[in-house]
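Structure record follows, encoded as structure tokens.
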Amino acid sequence: MEMKGLGLIMGMVSMAVMWYECQASSNLHPLILVPGSGGNQLEARLTDGYKPSSLLCSRSYPPFKDKEGWFRLWFRPALLVSPFTQCFADRMTLYYDPQLDDYVNTPGVETRVPSFGSTRSLLYLDPHLKRVTAYMGALVKALEHMGYVDGKTLFGAPYDFRYGLAADGHPSRVGSKFLEDLKDLIEKASTSNGGKPVILVSHSLGGLFVLQLLNRNPPSWRQKFIKHFVALATPWGGAVQEVHNLASGYTLGAPLVDPLLVRGQQRSSESNLWLIPSPKVFGAQPFAVTLNATYTANDVVQFLNDIGFSGGIHPYQSRIVPLLERLPAPAVPVTCIFGSGVKTAETLFYDESGFDKQPEIVYGDGDGTVNMVSLEALQLEWADQQNQPLKTIRIEGASHISIFQDEKAVNRIVKEISAKLVNESTREGEINSLLFNQPRREVLHHTVVCGDVRIADSGSESPRFQFSLQNPKMKGLGLIFAMVSMAVMWYTCQASSNLHPLILVPGSGGNQLEARLTDGYKPSSLLCSRLYPPLKDKEGWFRLWFDPAQVVGPFTQCFAQRMMLYYDPQLDDYVNTPGVETRVPSFGSTRSLLHLDPHLKRITAYMGPLVKSLEQMGYVDGETLFGAPYDFRYGLAADGHPSRVGSKFLEDLKDLIEKASTSNGGKPVILVSHSLGGLFVLQLLNRNPPAWRQKFIKHFVALSAPWGGAVQEVHTLASGYTLGVPLVDPLLVREQQRSSESNLWLMPSPKVFGAKQPLVVTLNATYTAYDIVQFLNDIGFPEGIHPYQSRTVPLLEHLPAPEVPVTCIIGSGVRTSETLFYDESGFDRQPEIVYGDGDGTVNMVSLLALESEWADQQNQSLKMVTIEGASHTSIIKDENALNRIVEEISEFEEASFGIREEDYKFIMSLMMMMKNNMALLTRERDQIKRKRNIQEEKMSPLMGVVSCICQ
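The opening position of the sequence shown corresponds to residue 140 in this note's numbering, with each subsequent residue numbered one higher.
Rendered as structure tokens:
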């Protein structure tokens, strides 16, 4: 009877989900994903007929090929950036052959699309950069949670996105072959799933291919094999972005790529002509304006001529224009889901420099790539089509890509697909009718107020309906969701008023850092002058960490110089590079912890998922939830040694703790740290008296804390480490990394790693944690010895128990550097690595250090939570890990206010109602099936008569 609070709610949710999945999995219709243009992987092989444009582009590049000579052409950043951009463009280029009246590859270049039929190649574009090049992975994962299985009920249909289709009477070998393969895949998927028709889900350009497939096959085939067509972010009438591509080239946001070097390749792509704004959709809206002309969708031929692409005119007029003139309705159900409210190029303005210069852009509404008029084109086109079911769903703020990556958008897509699966037993509208005893409505929005639950729909009169458990018609899947929602809302209302303030303290690289250059700054080269970077605020501040544009070549050295610290023996402290001022933004808020670069939120995501989970518990930034970022280059020093920056951070953190407690009725604070942040927090606790800790600290949760350092730091100081950032020479950042005070603090502790575990092995020596001084000397870093011995070693010698409750949450089962082996090349070359257990960054012996250190501490409460497979960073992003963290925090909160017996009985009664209604819905579904079978049997003779008449 002690199951309570969040644990009980989680159980209810799990029961509901398991029941739903069991019901749905047996009714799944096969589903095929058709990606957008750049969402396909493409492999190439160079034959003897290949003629490189330069020696750099010879057949020997790239060096990594399979045994048959195939290599990944798209997408691979190393092939795209300078100096290999031209090689990439040469190999990606298509040629229109007037004699064939068709497009062909560059001579000597063979291409193929991997993994047709599977979703494997759709998860990401580069398997070596899965997170950075993520594509349909989030959507596939959501579908798998519904019960879909790759290769059985879930399939992928990638294609060579450079090719398009042509109007009747014109060959299109590659595009037509794709339609044949897609048709075959649809038929096989249906046959292997008991004849169930297929759900087609496309993205972007994929939607144009699917619509063409449907309209090129007879109605009887469509009715037999197609259940539903869901089109995500489809450019039905093209996009102004394609005008930009053809006129001036477009790098797709890839850094260090000259758009003019890829413009020729982009012009050669058949599919790009297909995506030029359609006259039927865009009408007389100007898409480009120069000093001499204004171009609309009716002026594409003149535009192609004026930008110097007259070779595109004939294929555009003969092959493409007929495809743009109409969008025939396929007479199968279609749902269009797209984003809105994202600024999207609408008109391009070119000055006297012409089309070789990037234009000024006037933006309009759309999804950031496709204009709203194009996304909504089918509504107008099919308005008078009586036999064409069409539903459009607009998701505010969803971009062209985030529509199947953002959680909210993915949930909306999955909901739509789910509706197609359950409509044979309980339709969404019927559920709504049962829930509220009201006529069906298209969309429902929930409004929650503690102690009062109401439902408001999207109708113009905005009626409100009171939830009622007494409604005998409230049953089935709708009841399950309603009950779970009520339980969660009940818990939230109970908890929100009792929340203890919570402060997040990030890890090393998880802090943003801004810089300003003064007159005292002496650049190491002209490239590193005070003019760079050009984007600064009015006071001269710019983001130093993290900004990819500053880290990658040729600016790596500038970045390293500005990030550098110097140990000043006279001050016995660390200081910035002369002329460089730094500051940490948004202290007190979690804003700077969500991501490292606000312009690359998804790629540089940090604590965003954790903050979101806490907000769902009821936490509010600046009220009950706070952030404590710091300058992670600095550390702390032992007693008797100054540490101006680190000590100032501890003062600020202490002040934040006291203010957070005071503003929340004197409740003590929960501290949640990540990585290096845990070492700072432990020092803060032990540098303040027990009375202060007891008054202000509720609990300390340390995520992935390197209590005894990590072998990864040995690697960093010896050979430099790029943190996985591509195109960065580790030797260019090594000196900066050596200068960082905190990196010395993270060196393996003798107490934790001992004398037997070798950290580094060379031809002449073996180093353990007891040999750090010799190691620092041998790698050419003798200036680090004195601060290490005097300031850092005393901090490593013991880890005093703070006598406040501590929970350590760590990952395990991720291979982690344990011993580094260097050959005769020395430390300037990256080592061979022997791996052991850990979280991928911190070794297990360090993560578990507090267990042995505090084993005999009677007054120290310590709990260890290990999450198998969670890495050093995924522990604050992965759903399972987040749930575990939130569960731990919830336990602290529950212990503070508990759950009354009558509330517990109320929740138990909800669970009993859920069980009873599950059984009721199952029986009702079986009755519906039996009735339908009887009706079909009665209709059978009549259908035979109708068939004869029709013949």
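Positions of the beta carbon are idealized from the N, C-alpha and C atoms, including for glycine. All figures in this text were calculated on a predicted structure; none of them were measured in a lab.
| Item | Value |
| --- | --- |
| Quick check: what's the CA-CA separation for GLY761 versus VAL840? | 20 Å |
| Assuming LEU732 and LEU643 form a contact by the criterion Cβ under 8 Å, report the distance between their Cβ atoms to the nearest whole angstrom. | 6 Å |
| What is the DSSP secondary structure of PHE771, counted as helix, strand or coil? | coil |
| Quick check: what's the CA-CA separation for TYR927 versus SER1010? | 28 Å |
| If you drop the 5 nearest sequence neighbours on each side, which residues of the same chain put their C-beta closer than 8 Å to that of VAL808? | HIS639, PRO640, LEU641, ILE642, ILE796, ALA799, SER800, PHE835, ILE836, LYS837 |
| Within the same chain, show all residues whose beta-carbon is closer than 8 Å to that of LEU353, passing over the 5 residues directly before and after it, in chain order. | ARG361, ILE365, PHE368, PRO469, VAL471 |
| Taking ALA228 as the reference, give the member of GLU790, VAL248, TRP209 with the closest Cα. | VAL248 |
| Residue ranges of each alpha helix (DSSP H) run of no fewer than 4 residues wholly in the segment 404-485, ordered along the chain? | 409-413, 418-421, 439-445, 460-463 |
| I'd like the list of long-range same chain contacts for ILE1014, defined as Cβ closer than 6 Å, with 5 residues on each side in sequence excluded. | LEU842, SER843, GLY950, ALA1020 |
| Thinking just about the alpha-carbon of each residue, which of HIS383, ALA281, ARG301, THR483 is nearest to the one in VAL252? | ARG301 |
| What is the residue span of the alpha helix (DSSP H) that ARG230 lies within? | 224-231 |
| In angstroms with no decimal places, state the Cα-to-Cα distance between SER343 and ALA372. | 5 Å |
| Closest to THR721 by C-alpha separation, out of ALA654, PRO889, ARG772, GLY333, would be which residue? | ALA654 |
| Can the beta-carbon of GLU990 be found less than 8 Å from the beta-carbon of VAL973? | no |
| For the putative contact between GLN405 and ASN384, defined by C-beta atoms under 8 Å, what is the C-beta separation to the nearest angstrom? | 5 Å |
| If you reduce the DSSP assignment to three classes, tell me which class LEU304 lands in. | coil |
| In this structure, how does DSSP classify MET1003 when only helix, strand and coil are distinguished? | strand |
| Just tell me which of PRO418, ALA273, ALA516, CYS226 has its CA closest to the CA of LYS530. | ALA516 |
| CB of ARG215 to nearest heavy atom of the ligand COA: below 7 Å? | As far as ligands go, the structure on display features none, and thus does not contain the ligand COA. |
| Please go through the same chain and pick out, in chain order, the residues whose beta-carbon is closer than 6 Å to the beta-carbon of GLN952, but skip the five residues on each side of it. | Before going on, a small fix: residue 952 reads as Gly here, not Gln. Around GLY952: GLU1007, GLY1008. |
| Assuming GLU535 contacts GLY480 under a Cβ cut-off of 8 Å, what Cβ separation, rounded to an integer in Å, is found between them? | 5 Å |
| Consult DSSP for GLU971 and reduce its assignment to one of helix, strand or coil. | strand |
| Please report the distance separating the alpha-carbon of GLY451 from that of SER407. | 8 Å |
| Answer yes or no: do LEU821 and ARG772 have a C-beta to C-beta separation smaller than 8 Å? | no |
| Just how far apart, CA to CA, sit LEU218 and PRO201? | 8 Å |
| If VAL853 and PRO897 are in contact, beta carbons under 8 Å, what's the gap, nearest whole angstrom? | That belief does not hold up - the Cβ atoms of VAL853 and PRO897 are roughly 11 Å apart, past 8 Å. |
| What do you get for MET746, buried or exposed, if any count of 16 or more other CB atoms within 10 angstroms of its CB means buried? | buried |
| Closest to GLN525 by CA distance: which of ILE540, PRO467, GLN497, TYR489 is it? | PRO467 |
| Can you give me the Cβ contacts of LEU652 inside the same chain, cut-off strictly under 7 Å, excluding the 5 residues immediately before and after it? | LEU683, TRP684, THR721, VAL723, ASP770 |
| So, under 8 Å CB-CB, PRO174 and LEU261 are touching, yes? Tell me the CB distance rounded to an integer number of Å. | 5 Å |
| Expressed to the nearest angstrom, what Euclidean distance is found between the alpha-carbon atoms of GLY256 and PHE543? | 20 Å |
| Considering only the alpha carbon of each residue, which of LEU514, SER199, ARG741, GLY975 lies closest to ASP504? | LEU514 |
| Spatial neighbours of PRO498 within its chain, please: C-beta separation below 8 Å, excluding the five flanking residues on both sides. | HIS383, ALA386, SER387, ALA427, LEU487, PHE488, TYR489 |
| Under a Cβ-count criterion, where at least 16 other Cβ atoms within 10 Å of its own Cβ denotes burial, should GLU963 be classed as buried or exposed? | exposed |
| Is ILE742 helix, strand or coil when you go by DSSP? | coil |
| Considering only C-alpha positions, which residue in the set LYS363, TYR189, SER752 is nearest to SER1029? | SER752 |
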